[in-house]
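One structure is given here, and the rest of the page talks about it.
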Amino acid sequence: MTAAVEGSPPLRMTRARRNTLLQSEPVQGFALISPTFLYALILLVLPILVVIAHSFWTQHYLTIDRTFTLENYRVALTEPIYRDLLWRSLYISLTVSLLTVILAYPIAYFISFHGGRHKSLWLFLITIPFWTSYLLRVMSWKVILGYNGVLNSGLMGLGIIDEPSTALLYNSSAVIITLTHAWAAFAILPIFVSLEKVDRTLVEAATDLGDGPLRSFLRVTLPLSAPGVISAALIVMIPTVGDYVTPKLVGGKDGVMIANAIQAQFGKAANWPLGAALSVTTMLIVTLMAGATVLIIRALQRLAR
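First residue of the sequence shown: 405, per my numbering; consecutive thereafter.
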């Protein structure tokens, strides 16, 4: 009988037959396809399928308006909310630049003129706080300025206030304080480099000719270090206009800046044209401000001479 009887044990493949099957060309060809090759093939084919699906979806279910218009720029410049946010951002940026330069100049002056052989050590100590993450430094100021933070606890311990103040955090002042600390080192270093280039013999000559310390500083040291001051102001001003993290964490509703509005347009609002218009408008205004700052400082230099 050729047919298998029901209940009889299954037929087993002999070793010779199994070897013959494994050595056949179809089985050997399939064995050559390694997992790495399959993974690479998937990575190659998947983006193509995604592009095809996106193109199909766009053509059949979405309508893109390609009409050229300046309406988004009009909204960016005339809408009260965006105009106010832009002016607030410029105000915060200019204030941070001014405060940073005012705080950085004495430190850079001390290191350059009185640091002696410890200049490198002083510069090293200044840069230590900036080894940590920018986000961590912002969060540290949130702890310092918080309702139960270090500053409120210290003021209450000294008897200056009776209860914690809520005016220290979630406003423009908190953003200004945090940004001033965050960008201090970036202002100290260019001013220090500029002061290092000041010829000390000129300062000595001004003193010998009868100028006091203040007059020789205003007539010799400050004008010669002006390039460093300009560089420090621009280095601080340009990035702080578009800062997003600091207003988000310590600004609150009174410290929101233009970068937060741009992020909202690209995110929740999904209005990319308006977000792009806000970005370009902010960039152009910052460029004009930077050029005006350079011209004003150069004009002051000429008047000082």
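Note that CB positions come from ideal geometry on N, CA and C, so glycine has one too.
Taken in chain order, the unbroken stretches of alpha helix (DSSP H) that lie wholly in the stretch 646 to 691 and span 4 residues or more are 662 to 670. The beta-carbon distance between residue 685 and residue 542, rounded to whole angstroms, is 26 angstroms. This is too long to meet the 8 angstroms contact definition. For residue 564 and residue 572, the gap between their C-alpha atoms comes out near 15 angstroms.
Under the three-state reduction of DSSP output, residue 545 falls in the helix class. The DSSP-derived three-state label of residue 565 is coil. Taking C-beta atoms as the reference points, residue 635 and residue 677 fail to come closer than 8 angstroms.
A distance below 8 angstroms separates the beta carbons of residue 569 and residue 556. Using a C-beta cut-off of 8 angstroms, the stretch 685 to 699 makes no contact with the stretch 603 to 616, since fewer than three inter-stretch Cβ pairs fall below that distance.
Look at residue 470 here: in three-state DSSP terms it is coil, with no helix or strand label.
Judged by beta-carbon spacing, residue 665 lies beyond the 8 angstroms limit of residue 494, meaning their Cβ atoms are not closer than that value.
Taking a cut-off of 8 angstroms for Cβ pairs, the stretch 653 to 669 and the stretch 595 to 615 do not touch, as fewer than three such pairs fall below it. CA-to-CA, the gap between residue 590 and residue 566 works out to about 38 angstroms.
Exclusion of the five residues before and after residue 560 leaves 566, 567, 568 as the residues of its chain whose Cβ lies within less than 8 angstroms of its Cβ. With respect to the 8 angstroms criterion, residue 638 and residue 697 are classified as neighbours on the basis of their beta carbons.
Excluding the 5 residues flanking it on each side, residue 682 has same chain C-beta neighbours closer than 7 angstroms at 480, 486, 662, 665, 666, 669, in chain order. In the structure shown, residue 635 falls within a helical segment according to DSSP collapsed to helix, strand and coil.
Secondary structure of residue 601 (DSSP, three-state): coil. DSSP places residue 574 in the coil class of the three-state scheme, outside both helix and strand.
Of the other Cβ atoms in all chains shown, 16 or more fall within 10 Å of the Cβ of residue 512; this residue is therefore buried. Between the C-alpha atoms of residue 499 and residue 506 there is a straight-line separation of about 11 angstroms. With a 10 Å radius around the Cβ and a threshold of 16 neighbouring Cβ atoms, residue 450 comes out exposed. With fewer than 16 other Cβ atoms inside 10 Å of its own Cβ, residue 535 counts as exposed. Straight through space, the alpha carbons of residue 484 and residue 474 are spaced by roughly 17 angstroms.
Within a 10 Å sphere around the beta-carbon of residue 585 sit 16 or more other beta-carbons, which makes this residue buried. Considering only 524, 562, 610, 504, the residue with the shortest C-alpha distance to residue 580 is 504.
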